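**Q** If you're matching them up, the sequences are chains A and B in order.
So the working numbering is basically just the index in the first sequence, starting at one, shifted up by 1252.
So the working numbering is basically just the index in the second sequence, starting at one, shifted up by 1252.
2 protein chains.
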Amino acid sequence: MIRHTDLQNYLIRLFEQMGCPQAHAADVATLLVDAELRGIPSHGLMRVKDYYQMAKAGRINLRPQPQVVHQTPSTATVDGDNAFGPVSGLYAMRVAIDKARQSGTGWVAVRNSNHFGIAGHYAMMALEHDMIGIALTNANPLVCPTNSVSKYLGTNPIAVAIPTQEQPPFVADFATTPIARGKLALLGKKGERAPQGLLQDAEGRPTDDPDILMHGGGIMTLGGDVAHGGHKGFCITALVDIFSAVLGGANFGPFVPPQVAYLPLLDRQVGQGLGHFFGAMRIDAFRPAADFKASMDEWVATFRAAKSGAEQPPVQIPGDAERKNAERNRREGISIIPQVLADLNEVAAELGVESIDY
Amino acid sequence: MIRHTDLQNYLIRLFEQMGCPQAHAADVATLLVDAELRGIPSHGLMRVKDYYQMAKAGRINLRPQPQVVHQTPSTATVDGDNAFGPVSGLYAMRVAIDKARQSGTGWVAVRNSNHFGIAGHYAMMALEHDMIGIALTNANPLVCPTNSVSKYLGTNPIAVAIPTQEQPPFVADFATTPIARGKLALLGKKGERAPQGLLQDAEGRPTDDPDILMHGGGIMTLGGDVAHGGHKGFCITALVDIFSAVLGGANFGPFVPPQVAYLPLLDRQVGQGLGHFFGAMRIDAFRPAADFKASMDEWVATFRAAKSGAEQPPVQIPGDAERKNAERNRREGISIIPQVLADLNEVAAELGVESIDY
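Here it is as structure tokens:
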């Protein structure tokens, strides 16, 4: 176990040693640690080696200056200057919050960025300002549009954080695909099959083989086939791609640059880097904040009291699970699995930093 | 067959005779006719009898004055004054577009409204202004949150219309549930079963009985059970409810007032009427409009060229099917099924209007 504050400090040193200014190292560390706190390790320490190798390959600008390149009273477009995603992402979300303070809402499209960690972190930044926060990003393609075998879309997450008064905030943060790549890999290692209706083979036929991504297959959109509403899932994942990329001028769909150094850059670019989209909405831009929060408390209490089905657990409000993880991990510390620890120490050794005290 | 312009004029007369001012009668007619044009008859003429009976029961204000009751440079809250949904909806979407003209984006929450027809119509109003249009609404509950048997959410549609240059616009307009009530009724009448994974019985157990809604069962969220990502579908449908209702002060989830006169009003209200949420975003608030549209053309062309799976039809871009329906129906006229025609003429007779010339 390691305390999250110690982990944060260690990661700052690691990323400073990599060449980042201290403030940027802190941005990256904040996103990685928050992923660990909230129980989403796929976006936490597991990424350090990938981030490092991307930097080492010269595919990340370690001294970037993200900036607003276009704006109106309620919008901005940010050029991320090929920064680590958390650097451009945090910069852009702060711009969105500033715009919302001035104009009621703020909406920021980001181009020329990279993998930004957990979307929920950005959305939750709005909460302390009594704002709704929104964060979207596109991602490397492994999802097939309905009826197609072309892997043209990423797992493209949506995060929305909504303020409450007495209740914990509503924090939805989900990949818009039915299953994540990491979960498939785990099933494959265990020799188990995937649920039906999530995967297709290279010819577009249904399969339950969790390793199918390595054999030309793809993940279906949320819903699965047309009979199960998969075309609606396609709309949702496509919208995240368009808002994240087309709005600000980043690469969309199949052109999103790989976020791991062992995959080569694509020959063709249709924009700059990977893209995000952020929103902040003052709740008092619509109703007095206290009224909104009382009503939101009632919403949460109503849904929490919904009756469970036979042998089913209680209804969870979006954010419940991650909040409980974060409370526990802040108290008890963060655990690191051996493979991730080894990778972390390998990076540290290359950078001439001492091993992590774990 | 009837020409859509003749149908529009006939409906205006019908709703004027019902007591609506001409401009409001035209609003309602516009939404009903557009649903027929775009091939979504569940939101077209089928609704005339329901709308009429709601008005006759005194549950609709036939002389409403929707108005902005709260605003910032980029937002407004509209009180719909218990108008027919298309009246308050069109008013609010125009406010959103005006706000966007001034501030880059415009966001309008509506309370105290009613069934507003097809969401796509409102979203598409933004296109001619080189804006992205967004329309959400909540609806009568028949959908169960993940793990629950409480029918607490509606089919809560999302519509997003995005401008293009040479390509037809991208127009997503979809209920966020995997299947619509109308499709289930049709399966039931034909004696067919529903696909697995969409429905649950009164105890929350999976069923393929398309009539299960009449026996205490409910529709599952997009994705179905947790193994298939249904909890993400819950997030999406819940977000539409919160944006449509909590933001502006309408009734959320289980408290949405029934939109048919044969169902009594609920004892408890947590807000006013049914709610909507509209957005308009100037594309040149992010990039020069020509750049955005060229990039969006490329997005559409890329996805249209995605390779189909074995025995699967070509990939459809959201809006393709409805646009083809509208082109055909504008040319050839709108067909009305006998039951709907009979209902329409019954309403006309009660109002002292001649039967429709069909």
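Virtual Cβ for every residue (Gly too), placed ideally from N, Cα, C.
In this text, all values refer to a predicted model and were calculated from it rather than measured experimentally.
Between the alpha carbons of B:Arg-1255 and B:Ala-1287, how many angstroms are there, rounded?
**A** Rounded to the nearest angstrom, the two C-alpha atoms are 14 Å apart.
**Q** Given that a residue counts as buried once 16 or more other Cβ atoms are within 10 Å of its Cβ, and exposed if not, what is B:Arg-1353?
**A** So B:Arg-1353 counts as exposed.
**Q** Please identify, using Cβ separations under 9 Å, the residues of the region 1456-1468 of chain A that lie next to chain B, in order along the chain.
**A** Gly-1456 and Arg-1457
**Q** Any beta carbon of chain B sitting closer than 8 Å to that of A:Lys-1441?
**A** no
**Q** The beta strand (DSSP E) spanning A:Gly-1531 covers which residue range?
**A** 1526-1534
**Q** Nearest to B:Gln-1323 by CA position, among A:Ser-1355, A:Arg-1346, A:Gly-1337 and A:Ala-1328, is which residue?
**A** A:Ser-1355
**Q** How long is the line joining the alpha carbons of B:Ala-1497 and B:Gly-1523, rounded to whole angstroms?
**A** 8 Å
**Q** Does the count of Cβ pairs from the region 1395-1407 of chain A and the region 1420-1437 of chain A closer than 8 Å reach three?
**A** yes
**Q** Out of curiosity, what's the CA-to-CA distance linking B:Ile-1312 and B:Gly-1527?
**A** 14 Å
**Q** Inspect the CB distances between the region 1374-1383 of chain B and the region 1454-1462 of chain B and report whether three or more fall short of 8 Å.
**A** no
**Q** Can you find at least 3 beta carbon pairs, one from the region 1488-1502 of chain B and one from the region 1506-1526 of chain A, that sit closer than 8 Å?
**A** no
**Q** For my contact list, A:Gly-1332 and A:Gly-1525 are in at a C-beta cut-off of 8 Å; report their separation, rounded to the angstrom.
**A** Indeed they touch by this definition, with Cβ atoms about 6 Å apart.
**Q** Among the residues of its own chain, which have a CB less than 7 Å from the CB of A:Asn-1392, if the five just before and after it don't count?
**A** If we look at A:Asn-1392 and ignore the five residues flanking it on each side, its Cβ neighbours are Gly-1406, Val-1508, Pro-1510 and Gln-1511.
**Q** Within 8 Å (strictly less), CB to CB, does B:Asn-1408 reach chain A?
**A** no
**Q** Measuring only the C-alpha atoms, how far is A:Ser-1340 from A:Ile-1589?
**A** Here the alpha carbons of A:Ile-1589 and A:Ser-1340 stand approximately 29 Å from one another.
**Q** Could you please tell me which residues of the region 1321-1337 of chain A, in chain order, have their CB closer than 7 Å to any CB of chain B?
**A** Those would be His-1322, Thr-1324, Pro-1325, Ser-1326, Thr-1327 and Thr-1329, in chain order.
**Q** For A:Tyr-1404 and chain B, any beta-carbon pair shorter than 8 Å?
**A** yes
**Q** Note down, in chain order, each residue of its chain lying with its Cβ closer than 7 Å to the Cβ of B:Val-1567, except the 5 sequence neighbours on either side.
**A** Phe-1555, Arg-1556, Ala-1558 and Ser-1560
**Q** List the endpoints of the continuous beta strand (DSSP E) containing A:His-1322.
**A** 1319-1324
**Q** Applying a beta-carbon distance threshold of less than 8 Å, which residues of chain A neighbour B:Met-1383?
**A** Result: empty, since nearest Cβ-Cβ is about 12 Å, beyond 8 Å.
**Q** Go to A:Pro-1590, then tell me how far its alpha helix (DSSP H) extends in each direction, as first and last residue.
**A** 1590-1603
**Q** Provide the residue(s) that pair with A:Arg-1582 in DSSP beta bridges, ordered along the chain.
**A** Beta-bridge pairing links A:Arg-1582 to no other residue.
**Q** Looking only at DSSP bridge pairs, what is A:Pro-1273 linked to?
**A** BP columns for A:Pro-1273 are empty, so no partner.
**Q** What does a CB cutoff of less than 7 Å around B:Val-1492 pick up in its chain, not counting 5 residues either side in sequence?
**A** Leu-1388, Asn-1390, Asn-1408, Ile-1410 and Thr-1428
**Q** Return helix, strand or coil for B:Thr-1554, following the three-state DSSP convention.
**A** helix
**Q** In this structure, how does DSSP classify A:Arg-1445 when only helix, strand and coil are distinguished?
**A** coil
**Q** What residues of chain A sit near B:Ala-1537, judged by a beta carbon separation below 7 Å?
**A** Thr-1324 and Thr-1327
**Q** With distances taken from CA atoms, which of A:Asp-1279, A:Ser-1547 and A:Gly-1310 is nearest A:Leu-1342?
**A** Per the Cα distances, A:Asp-1279.
**Q** Using 8 Å for Cβ pairs, my map puts A:Thr-1473 next to A:Thr-1398. What's the rounded Cβ distance?
**A** Contact holds; Cβ gap of about 6 Å.
**Q** To which residues does DSSP link A:Arg-1363 through a beta bridge?
**A** A:Asp-1331
**Q** Closer than 8 Å by beta-carbon distance: list the chain A residues that pair up with B:Lys-1484, in chain order.
**A** Chain A residues near B:Lys-1484: Phe-1426, Ala-1427, Thr-1428, Pro-1430 and Leu-1474.
**Q** One question on the structure: do B:Asp-1453 and B:Gly-1469 come within less than 8 Å of each other, judged by their Cβ atoms?
**A** yes
**Q** Looking only at DSSP bridge pairs, what is B:Thr-1389 linked to?
**A** B:His-1528
**Q** Report yes if the CB atom of A:Leu-1596 is closer than 8 Å to the CB atom of A:Val-1300, and no otherwise.
**A** yes
**Q** Closer than 7 Å by beta-carbon distance: list the chain A residues that pair up with B:Pro-1357, in chain order.
**A** Note that residue 1357 of chain B corresponds to Thr in the displayed sequence, not to Pro. By Cβ distance, chain A contributes Ser-1326, Thr-1327, Thr-1357 and Trp-1359.
**Q** At the 8 Å Cβ level, is A:Ser-1560 part of the contact set with chain B, yes or no?
**A** yes
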